[in-house]
Ligand SMILES: [Zn+2]
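In my numbering, the protein residues as written are 39 to 490.
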């Protein structure tokens, strides 16, 4: 596991977090560490990693300028996860009742092998009230040998009485640049060749978390997966672009966006989930809880905030409803992309409507229902035009039928047109155009239809 191999073992190995590491380093160096710490911040930047480094530094037999030396038995045992005086409690798993009870019983006992007993309580906000009370009693009179490190993504959920007894450290979201820097160090050590652009894609997809970024990188290095396959499908940054299309009523751009991904073989259900996740993030930010609940990188977060400001609550509500509906219809749809296209058209409005018109009372025009496929058809014909005018001239005599992963069907209204489309020259021209529009080679089928 790359994540374990390259997990920082010293303060200096932490990427970013300058204030946190400098303060802790100088505390350890001057032997002025506290008894209770609160590590607050979103998932990802390294709260528990920092907690373990701190545990090592204060227990180390040969610390160097505040850093753990790494060679003594305490350092080794902590690194291997078998140091008896480091107790990690995951408050999320059983809400900490038994653990805190055990903690109260044992905390007074002197450490078995180290200098200090360290308690790391992860997701501390999940503790129950009795557990908080028990913890508070211990924090009020902590034994000299005990150090508590509470890590949480939601510091506001901790009682004031607990918070006020802790030294608080804020862990900020890592920027994409910082994550790239870390990934670069890893690829260098692994002697792997991954381009800077690809590392950036991975960092963006990981949304501000080192661990997720390293897991993705590992999949690329060991599984031989292409970065594009892994993360390119529905990059968050791209979804921002898609959202802007919707918000600004750019229907055709939004349709091209999803069709382009469809062409690349992206599962439409997955895409819909990603879109809904994006909208959920906006909802959480609008509700004022984005800082705690939205897990993305710094740049992405500020972009999300801009979008949350730009969209009204009813608009957002409408989008969430429409895409949820699309998701429900998807499993029954003959054309997987169609429900998504319908949602786009319903949200952004039909093609050809002026983008400046009133956004609120917008309803699809009843007289001329917009078929989402029309956009694909027009795009296909636009791609044909420079190659062959006579094929493009068939635009009004045919229409687009079913598009599957491998085939594309054109429906012709007259046999004359059908034959024309089926001649080798037209097939070549259409083949090139289909590849351009749908991003994959498709087999052409032409069928005769009576319904104009
Ligand atoms: Zn040591």
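Glycine is no exception: its CB is placed at the ideal position from the N, C-alpha and C atoms. In this text, all values refer to a predicted model and were calculated from it rather than measured experimentally.
One or two residues paired with residue 205 in a DSSP bridge = Along the chain shown, read from residue 1 onward, the residue named residue 205 stands at position 167. Answer by DSSP bridge pairing, in chain order: 75.
Any idea if residue 56 is buried or exposed, counting beta-carbon neighbours within 10 angstroms, 16 or more meaning buried?
-> Translated into the one-based positions of the chain shown, residue 56 becomes position 18. So residue 56 counts as exposed.
Could you tell me whether the Cβ atoms of residue 211 and residue 336 are closer together than 8 Å?
-> Residue 211 sits at position 173 when you count from the first residue of the chain shown. Residue 336 sits at position 298 when you count from the first residue of the chain shown. Contact: yes.
Residue 227 lies in the alpha helix (DSSP H); which residues open and close that run?
-> The residue labelled residue 227 in the question sits at position 189 within the chain shown. Residue 227 -> alpha helix (DSSP H) spans 214-227.
Does DSSP put residue 447 in a helix, a strand or coil?
-> If you number the chain shown from 1, residue 447 lands on position 409. Of the three classes helix, strand and coil, the one that applies to residue 447 here is strand, per DSSP.
Just to confirm, are residue 248 and residue 82 a CB contact at a threshold of 8 Å?
-> Within the chain shown, the letter at position 210 stands for residue 248. Within the chain shown, the letter at position 44 stands for residue 82. A contact, by the Cβ cut-off of 8 Å.
4 or more residues per run - each alpha helix (DSSP H) lying fully within the stretch 114-150 | 129-132, 135-144
Do residue 430 and residue 441 come within 8 Å of each other at the CB atom, strictly closer than that value?
-> Against the chain shown, residue 441 aligns to sequence position 403. Against the chain shown, residue 430 aligns to sequence position 392. No, the Cβ-Cβ distance between residue 441 and residue 430 is not below 8 Å.
Would the beta-carbon of residue 156 fall within 8 Å of that of residue 127?
-> Counting from 1 along the chain shown, the entry for residue 156 is found at position 118. Counting from 1 along the chain shown, the entry for residue 127 is found at position 89. The answer is no: Cβ separation not under 8 Å.
Cutoff 7 Å; reference residue 86; Cβ partners in own chain excluding five residues on either side = In the chain shown, counting from the first residue as 1, residue 86 sits at position 48. Excluding residues within five positions, the ones whose Cβ falls inside 7 Å are 158, 160, 189.
Contacts around residue 314, its chain only, beta-carbon distance under 6 Å, and the 5 residues preceding and following it disregarded | Position 276 of the chain shown, counted from the start, is the residue given in the question as residue 314. Around residue 314: 361.
Backbone CA spacing between residue 70 and residue 61 [nearest angstrom] | As a first step, residue 70 is located in the chain shown; it is residue number 32 there, counting from the start. As a first step, residue 61 is located in the chain shown; it is residue number 23 there, counting from the start. About 10 Å.
Spatial distance of residue 405 from residue 372 (CA atoms) | In the chain shown, counting from the first residue as 1, residue 405 sits at position 367. In the chain shown, counting from the first residue as 1, residue 372 sits at position 334. Confidence in residue 405 is poor, its pLDDT being 37 and thus under 50, which makes the residue's placement unreliable; the coordinate value appears in the next sentence. So the alpha carbons of these two residues sit roughly 25 Å apart.
Does the Cβ of residue 104 have 16 or more other Cβ atoms within 10 Å, making it buried, or fewer, making it exposed?
-> By 1-based counting over the chain shown, the position of residue 104 is 66. Flag for residue 104 reads buried.
Pull up the distance between the alpha-carbon of residue 243 and that of residue 300, whole angstroms please.
-> Working through the chain shown from its first residue, we reach residue 243 at position 205. Working through the chain shown from its first residue, we reach residue 300 at position 262. One alpha carbon belongs to residue 243, the other to residue 300, and they sit about 19 Å apart.
In the DSSP assignment, find the beta strand (DSSP E) that holds residue 186 and state where it starts and stops.
-> Position 148 of the chain shown, counted from the start, is the residue given in the question as residue 186. It spans 184-190 - the beta strand (DSSP E) in which residue 186 sits, taken as one unbroken run.
Just tell me which of 123, 143, 258 has its CA closest to the CA of residue 185.
-> One-based indexing of the chain shown puts residue 185 at position 147. Among 123, 143, 258, the Cα nearest to that of residue 185 is on 123.
Specify the secondary structure class of residue 66 as computed by DSSP and reduced to three states.
-> In the chain shown, the residue the question calls residue 66 occupies position 28. It is helical.
Closer than 7 Å is what we want: which residues have a beta carbon that near any heavy atom of ligand 1? List them in chain order.
-> 94, 98, 99, 100, 101, 106, 107, 108, 109, 110, 112, 113
Leaving out five residues on either side along the sequence, give the residues of the same chain with a beta carbon under 8 Å from the beta carbon of residue 25.
-> Only positions 39 to 490 of the chain appear in this structure, which leaves residue 25 out of reach.
Can the beta-carbon of residue 459 be found less than 8 Å from the beta-carbon of residue 450?
-> Counting from one through the chain shown, the residue named residue 459 turns up at place 421. Counting from one through the chain shown, the residue named residue 450 turns up at place 412. Result yes, Cβ atoms of residue 459 and residue 450 sit closer than 8 Å.
Buried or exposed for residue 414, please, with buried defined as at least 16 other CB atoms from any protein chain shown within 10 angstroms of its CB.
-> The residue you call residue 414 lines up with position 376 of the chain shown. That one is buried.
Which of helix, strand or coil DSSP assigns to residue 485 = The sequence position of residue 485 within the chain shown is 447, counting from 1. In this structure, residue 485 counts as strand in the three-state DSSP scheme.
Do you know whose CA, among 138, 374, 311, 241, lies nearest residue 359's CA?
-> If you number the chain shown from 1, residue 359 lands on position 321. For the residues 138, 374, 311, 241, the minimum Cα distance to residue 359 belongs to 311.
According to DSSP, what are the bridge partners of residue 437?
-> For the purposes of this step, residue 437 is identified with residue 399 of the chain shown, where counting begins at 1. Looking at the DSSP assignment, residue 437 forms a beta bridge with 449.
Limits of the alpha helix (DSSP H) - the one that residue 465 falls within | Position 427 of the chain shown, counting from 1, holds the residue named residue 465. That run of the alpha helix (DSSP H) goes 462-476.
Straight-line gap, residue 452 to residue 436 (C-alpha atoms, nearest Å) = Position 414 of the chain shown, counted from the start, is the residue given in the question as residue 452. Position 398 of the chain shown, counted from the start, is the residue given in the question as residue 436. If I take the Cα positions, the gap works out to 8 Å.
What do you reckon, are the CB atoms on residue 309 and residue 379 nearer than 8 Å?
-> In the chain shown, residue 309 corresponds to position 271, counting from 1. In the chain shown, residue 379 corresponds to position 341, counting from 1. No, they are not a contact pair.
With DSSP run on the structure shown, which of helix, strand or coil describes residue 58?
-> Walking along the chain shown from the start, residue 58 turns up at place 20. Residue 58: helix per DSSP, three-state reduction.
DSSP-derived helix/strand/coil call for residue 157 | In the chain shown, the residue the question calls residue 157 occupies position 119. Residue 157 falls in the strand class under three-state DSSP.
Could you tell me whether the Cβ atoms of residue 176 and residue 142 are closer together than 8 Å?
-> As a working mapping, residue 176 is identified with position 138 in the chain shown. As a working mapping, residue 142 is identified with position 104 in the chain shown. Cβ atoms of residue 176 and residue 142: closer than 8 Å.
Nearest CA to the CA of residue 178: which residue from 486, 74, 283, 290?
-> The count along the chain shown starts at 1 and reaches residue 178 at position 140. Cα-wise, what sits closest to residue 178 is 74.
Using a threshold of 8 Å, state whether the C-beta atoms of residue 99 and residue 192 are closer than that.
-> One-based indexing of the chain shown puts residue 99 at position 61. One-based indexing of the chain shown puts residue 192 at position 154. Not in contact: residue 99 and residue 192 (Cβ atoms no closer than 8 Å).
Nearest CA to the CA of residue 183: which residue from 144, 231, 164?
-> On the chain shown, residue 183 is found 145 positions in, with the first residue counted as 1. Cα-wise, what sits closest to residue 183 is 144.
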